[in-house]
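>
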Amino acid sequence: MTLKHDSNYDFLFFSVSETFTVSVKSPVSVQRGHTAILPCWLTSSQSAEDMEVHWYQRSDEYDTPVLLYKARAFDYSSQKPSYAGRASFGLKEETSGGLKAGDVSLKLEKATIEDAGKYTCVVSSSDDSDSASVSLTVTETGHQPLLSAVMKDDNKVNLSCQSDGWHPKPELSWSDSKTALIPANVMFSKNSAGFYSVHSWVLVSSPSEVSCSVGLFNEEPKETRMRLENSLEEAVLVAFGALYFLYFRKKGKCLIQIREDNIQLVDTGNPLIKIRGFRLKEANDEFPDGDRVTCLTAVRGSPGFSSERHYWEVSLANTDIDLKKSWWIGVTDKHEIPHDERLSPTTKNGFWFLSSCPNQEDTVQFSTEPETFIYVQSKPKRVGVYLDFDNRDNLHVLGVSVHQLKSIVLRQRNT
Numbered sequence: 001m002t003l004k005h006d007s008n009y010d011f012l013f014f015s016v017s018e019t020f021t022v023s024v025k026s027p028v029s030v031q032r033g034h035t036a037i038l039p040c041w042l043t044s045s046q047s048a049e050d051m052e053v054h055w056y057q058r059s060d061e062y063d064t065p066v067l068l069y070k071a072r073a074f075d076y077s078s079q080k081p082s083y084a085g086r087a088s089f090g091l092k093e094e095t096s097g098g099l100k101a102g103d104v105s106l107k108l109e110k111a112t113i114e115d116a117g118k119y120t121c122v123v124s125s126s127d128d129s130d131s132a133s134v135s136l137t138v139t140e141t142g143h144q145p146l147l148s149a150v151m152k153d154d155n156k157v158n159l160s161c162q163s164d165g166w167h168p169k170p171e172l173s174w175s176d177s178k179t180a181l182i183p184a185n186v187m188f189s190k191n192s193a194g195f196y197s198v199h200s201w202v203l204v205s206s207p208s209e210v211s212c213s214v215g216l217f218n219e220e221p222k223e224t225r226m227r228l229e230n231s232l233e234e235a236v237l238v239a240f241g242a243l244y245f246l247y248f249r250k251k252g253k254c255l256i257q258i259r260e261d262n263i264q265l266v267d268t269g270n271p272l273i274k275i276r277g278f279r280l281k282e283a284n285d286e287f288p289d290g291d292r293v294t295c296l297t298a299v300r301g302s303p304g305f306s307s308e309r310h311y312w313e314v315s316l317a318n319t320d321i322d323l324k325k326s327w328w329i330g331v332t333d334k335h336e337i338p339h340d341e342r343l344s345p346t347t348k349n350g351f352w353f354l355s356s357c358p359n360q361e362d363t364v365q366f367s368t369e370p371e372t373f374i375y376v377q378s379k380p381k382r383v384g385v386y387l388d389f390d391n392r393d394n395l396h397v398l399g400v401s402v403h404q405l406k407s408i409v410l411r412q413r414n415t
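Residue 1 is where the sequence shown starts when you use UniProt numbering, and the numbers rise one by one after that.
#1: Can you tell me whether Thr332 is buried or exposed, with buried defined as 16 or more other CB within 10 angstroms of its CB?
#2: Among His143, Tyr83, Val24 and His335, which has the Cα closest to the Cα of Cys121?
#3: I'd like the span of the beta strand (DSSP E) that includes Val198, first residue to last.
#4: Pop quiz: Gly194 and Glu114 are said to be a contact at Cβ under 8 Å. What is the actual Cβ separation, rounded to whole angstroms?
#5: Taking all protein chains shown into account, decide if Phe20 is buried (16 or more other Cβ within 10 angstroms of its Cβ) or exposed.
#6: Could you pull the start and end residues of the beta strand (DSSP E) that Gly117 belongs to?
#7: Name the residue from Lys156, Asp362, Ile337 and Leu316 whose alpha carbon lies nearest to the alpha carbon of Gly384.
#8: Excluding five sequence neighbours on each side, which residues of the same chain lie with their C-beta closer than 7 Å to the C-beta of His34?
#9: Taking 8 Å as the threshold, find out whether the region 161-176 comes into contact with the region 139-148 through three or more Cβ pairs.
#10: Would you say the region 90-110 touches the region 145-155, given that touching needs at least three Cβ pairs under 8 Å?
#11: Among Val198, Ser135 and Asn218, which one has its Cα closest to the Cα of Cys212?
#12: If you reduce the DSSP assignment to three classes, tell me which class Asp153 lands in.
#13: Could you spell out the range, first to last residue, of the beta strand (DSSP E) harbouring Asn185?
#14: Under the rule that 16 or more other beta-carbon atoms within 10 Å means buried, what is Glu18, buried or exposed?
#15: Suppose you measure from the CA of Asp63 to the CA of Tyr69; what does that come to, to the nearest Å?
#16: With H, G and I counted as helix, E and B as strand and the rest as coil, what does DSSP make of Thr363?
#17: On the DSSP bridge list, what partners appear for His54?
#18: What number of angstroms, rounded off, separates the C-alpha of Ala71 from the C-alpha of Pro27?
#19: For Gln46, decide whether its Cβ has a neighbour in chain D, counting only Cβ atoms nearer than 7 Å.
#20: Who are the near neighbours of Glu220 in its chain, counting only those whose CB is closer than 6 Å to its CB and skipping five residues on each side?
#21: Measure the alpha-carbon distance for Asp177 versus Pro170 and round it to whole angstroms.
#22: Taking Cβ to Cβ, would you say Ile37 is nearer than 7 Å to Ser105?
#23: Going by Cα to Cα distance, which pick from Arg86, Val157 and Val22 is closest to Pro207?
#24: Take Ser367 as the anchor and find which of Leu99, Gly330 and Gln46 has the nearest alpha-carbon.
#25: DSSP beta-bridge partners for His167?
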């Protein structure tokens with residue numbers, strides 16, 4: 001307090017301290033690679049332009065802040081290097097007035113797995129100081145679950161489910177067409193990059209239809225289903241088709257050959273492939289559709305099928321030649337295969353097939369929508385195809401066998 005005297009009056013001047021409270025909104029969740037806003041503000045809505053704002057992640061990193069603002073400017077001299085160029089002030093909501101309205105929220109761009117954790121917001125003035133903490137979760141959606149089946153005695157099947165690339169730790173559940181299943185075990189592992197893998201298995205009876213779902217809390221899970229039958233002849237992927245086809249290509253020179261009595265490969269003069277009898281191979285190393293699965297190098301077999309049961313085998317290996325790395329084999333209802341790189345060869349478009357996974361050599365996939373992925377113990381050398389095409393009840397079945405996969409089933413009734 002100060003006193004000023006004048007001939008008529010004495011004036012009193014008081015210095016009033018401004019107190020405030022820091023508030024936050026927690027927890028916050030963001031997808032890896034996206035921008036996170038960690039809300040922090042002064043409840044009195046007073047300006048923070050002349051205050052000091054200090055954001056740090058852990059108590060032992062106070063001196064290497066995520067973001068430091070003082071004297072009306074950012075101070076990057078001691079900033080933790082991993083946040084350089086990514087941290088700034090953001091708005092807790094679109095209508096926020098920013099620093100002038102006491103909004104000191106942290107904007108964190110290109111969030112990484114390492115960014116996950118607790119952040120503390122400290123606001124200081126010459127007269128007061130307060131702080132509060134925000135918990136940040138950085139999420140990453142993993143891969144579609146992979147299923148593998150091992151036949152046991154008494155029509156029992158040991159079914160395994162595996163999915164990689166999750167953060168944080170995902171939830172896994174099993175179910176059949178009627179109820180939830182209790183797995184024998186659920187195991188988690190974490191790689192050096194911080195991503196989680198989950199592996200579980202369950203013993204089920206055959207025949208049955210089982211699904212494995214993996215996902216993060218409060219998010220739509222990824223699900224893979226498998227229908228199991230008792231015998232190899234009943235291991236089926238549904239097909240509407242009457243023709244079979246081959247598709248092969250890319251990633252190394254090699255040869256595919258197919259054998260079945262009275263079956264020939266139809267040569268349409270496709271410049272991308274070479275056909276001689278029941279053999280075909282690439283004509284060059286580069287393809288206009290890149291690594292995408294299209295019909296550009298698909299080959300139709302002749303004659304086609306109209307009913308009854310059929311079986312054929314396709315060899316993916318030959319003496320002194322490496323195993324084929326990219327291929328798909330199955331049936332189609334197309335009498336002429338459109339060589340259009342824009343066409344997606346899926347069940348919706350009349351293609352039912354088993355194929356390799358270009359980026360996962362221990363996996364094969366079906367052309368269902370959504371895709372169904374199956375884990376295999378080794379690269380297939382030969383693929384056997386079973387077709388049961390019956391016009392009488394309009395149920396069309398294609399079975400595909402790859403080594404150990406002797407009881408994989410996906411079934412669909414056409415209406």
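No residue lacks a Cβ here, since even glycine has one placed at the ideal position from N, Cα and C.
Computed from a prediction, not measured in an experiment: that's the story for all the values here.
So, from the listed chains and residues:
#1: Residue numbering aside, residue 332 sits at position 332 when the sequence shown is read from its first letter. Answer is buried; the Cβ neighbour count reaches 16.
#2: Position 121 of the sequence shown holds residue 121. Closest option to Cys121, judged by alpha-carbon separation, among His143, Tyr83, Val24 and His335: Val24.
#3: Locating residue 198 in the sequence shown gives position 198, where the first residue counts as 1. Run containing Val198: Tyr196 to Ser205, per the beta strand (DSSP E) assignment.
#4: In the sequence shown, the residue the question calls residue 194 occupies position 194. In the sequence shown, the residue the question calls residue 114 occupies position 114. About 7 Å separates the beta carbons of Gly194 and Glu114, which is inside the 8 Å limit, making them a contact pair.
#5: For this step, residue 20 is matched to residue 20 along the sequence shown. Under this definition Phe20 is a buried residue.
#6: Looking up residue 117 in the sequence shown gives position 117. Counted as a single uninterrupted DSSP element, the beta strand (DSSP E) harbouring Gly117 occupies residues Gly117 to Ser124.
#7: Within the sequence shown, residue 384 is the residue found at index 384, counting from 1. Among Lys156, Asp362, Ile337 and Leu316, the Cα nearest to that of Gly384 is on Leu316.
#8: Within the sequence shown, numbered from 1, the residue matching residue 34 stands at position 34. Excluding residues within five positions, the ones whose Cβ falls inside 7 Å are Ala111.
#9: yes
#10: No: fewer than three Cβ pairs fall under 8 Å.
#11: The count along the sequence shown starts at 1 and reaches residue 212 at position 212. Relative to Cys212, the option among Val198, Ser135 and Asn218 whose CA is nearest is Val198.
#12: Your numbering for residue 153 matches position 153 in the sequence shown. Asp153: coil per DSSP, three-state reduction.
#13: Mapped onto the sequence shown, residue 185 falls at position 185. Asn185 to Lys190 is the span of the beta strand (DSSP E), which, as asked, contains Asn185.
#14: Translated into the one-based positions of the sequence shown, residue 18 becomes position 18. The residue in question, Glu18, is exposed, as its Cβ has fewer than 16 Cβ neighbours within 10 Å.
#15: Along the sequence shown, read from residue 1 onward, the residue named residue 63 stands at position 63. Along the sequence shown, read from residue 1 onward, the residue named residue 69 stands at position 69. Cα to Cα, the separation comes out at about 13 Å.
#16: Here the question's residue 363 lines up with position 363 in the sequence shown. Strand, per DSSP.
#17: Here residue 54 refers to the residue found at position 54 when the sequence shown is read from its first residue. Its beta-bridge partners are Leu68 and Val122.
#18: Against the sequence shown, residue 71 aligns to sequence position 71. Against the sequence shown, residue 27 aligns to sequence position 27. About 30 Å.
#19: Of the protein chains in the structure, only one exists, and it is not chain D.
#20: Here the question's residue 220 lines up with position 220 in the sequence shown. Answer for Glu220: no residue qualifies.
#21: The sequence position of residue 177 within the sequence shown is 177, counting from 1. The sequence position of residue 170 within the sequence shown is 170, counting from 1. Residue 177 is actually Ser in this sequence, not Asp. Distance between the alpha carbons of Ser177 and Pro170: 23 Å.
#22: Taking the first residue of the sequence shown as 1, we reach residue 37 at position 37. Taking the first residue of the sequence shown as 1, we reach residue 105 at position 105. At the C-beta level, Ile37 and Ser105 come within 7 Å of one another.
#23: Reading the sequence shown from its first residue, position 207 is the one you call residue 207. For Pro207, the nearest C-alpha among the options comes from Val157.
#24: For the purposes of this step, residue 367 is identified with residue 367 of the sequence shown, where counting begins at 1. With distances taken between Cα atoms, Ser367 lies closest to Gly330.
#25: Taking the first residue of the sequence shown as position 1, residue 167 is located at position 167. Looking at the DSSP assignment, His167 forms a beta bridge with Glu140.
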